[in-house]
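J.: Residue numbers (my numbering): 11 to 328.
All residues carry an ideal CB built from backbone N, CA and C; glycine is no exception.
1. Let's test the definition: count the other Cβ atoms within 10 Å of the Cβ of residue 141 and tell me whether it reaches 16, buried, or not, exposed.
2. So, using beta-carbon positions, are residue 295 and residue 266 closer together than 8 angstroms?
3. May I ask which residues mark the beginning and end of the alpha helix (DSSP H) holding residue 58?
4. With a CB to CB cut of under 6 angstroms and the five nearest residues on each side skipped, what residues in its chain are close to residue 330?
5. When the Cα of residue 237 is compared with those of 161, 269, 73, which residue comes out closest?
6. In whole angstroms, give me the CA-to-CA distance for residue 285 and residue 200.
7. Run through DSSP, which three-state label would residue 241 get?
8. Output the distance between the C-alpha atoms of residue 232 and residue 226, rounded to the nearest integer angstrom.
9. Is the beta carbon of residue 133 less than 8 angstroms from the beta carbon of residue 95?
10. If we count the other Cβ atoms within 10 Å of its Cβ and call it buried at 16 or more, is residue 155 buried or exposed?
11. So, at 6 angstroms on beta carbons, what are the nonlocal neighbours of residue 110 in its own chain, with the 5 sequence-adjacent residues on each side left out?
12. When the Cα atoms are used, what is the spatial distance from residue 178 to residue 56?
13. For the beta strand (DSSP E) that contains residue 269, what are its first and last residues?
14. Any idea if residue 317 is buried or exposed, counting beta-carbon neighbours within 10 angstroms, 16 or more meaning buried?
15. Are three or more beta carbon pairs between the stretch 62-79 and the stretch 117-130 nearer than 8 angstroms?
16. Going by alpha carbons, who is nearest to residue 15 out of 306, 303, 279?
17. Could you check the C-alpha separation between residue 52 and residue 107 for me, to the nearest Å?
18. Compute the distance between the beta-carbons of residue 224 and residue 264, then report whether it is under 8 angstroms.
19. Helix or strand or just coil, what does DSSP make of residue 20?
20. With a threshold of 16 other CB atoms inside 10 Å of the CB of residue 91, please say whether the residue is buried or exposed.
21. In this structure, how does DSSP classify residue 192 when only helix, strand and coil are distinguished?
22. Cα-Cα, which of 61, 193, 97 is closest to residue 87?
23. Rounded to whole angstroms, what's the CA-CA distance from residue 188 to residue 221? Just pull it up for me.
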């Protein structure tokens, strides 16, 4: 994972201080690229423990076209909890303690953090048990799953229907592998305002050469400490799954970043990570027997030989 550590050092050394949507502040650079040869191992971070199970369940959630956190709550996956919770605490129905700016307040205010945890657990319990509540407050709008599997808003006067971009991608890779149009976009300007969070990993392109399947991702906004390790592993896993579906072998993951930033409250964590030596990369195996990638469950994907350094905690900027 030297490529990732080099990115961290580059941003610490050359990043410009910038404000941001969350009000946290960042060190930022614009334009950066990393390449990972998937034949050399699965690129899951070894300089800090990274929750592979969460990466798997989120990716399968995308691939199924789901946009409601209820599925993730049932999988005990908190990745998207804060964005759904924000929708709830900002609603007229919410009557609990003031949760304004919970993302910044919880890490520094012990009394508030206790309140926040109570409210979040209550929220997740209602999401899991109350169908109407989950439908209203668990749905994140037309985020990744909607765009990947049902791009567009419906039939128009031209008779066009929403596009299943992943199915289209798989068909194209099988039947016209040399095409330069193996592209999936999550960036849909007509629906950005309806999303809980506009897509950070906005567009990706697949490429076939010598029987190997590679993918390049353009990520418009890259949270280097928390988000990017997940993104690297998620797209590496996506390449593995699409390769299995199309009879190809995983090639490279090319990760191209737009605004690559370290949040101001992550700087010390990044510096700690830079003191650690990378370890041997793990491997994965996938049980595809009798299944397509759309049928997979988290138990079908197994990680082996993962021996990372301990986890480093840091707050999420919401």
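T.: So, to answer that:
1. exposed
2. no
3. Taken as a continuous stretch (DSSP letters only), residue 58 belongs to no alpha helix (DSSP H), as it is neither H nor E.
4. Outside the displayed range of the chain (11 to 328) lies residue 330, so it cannot be described from this structure.
5. 269
6. 44 angstroms
7. helix
8. 15 angstroms
9. yes
10. buried
11. none
12. 34 angstroms
13. 259-273
14. exposed
15. no
16. 279
17. 43 angstroms
18. yes
19. helix
20. buried
21. coil
22. 61
23. 11 angstroms
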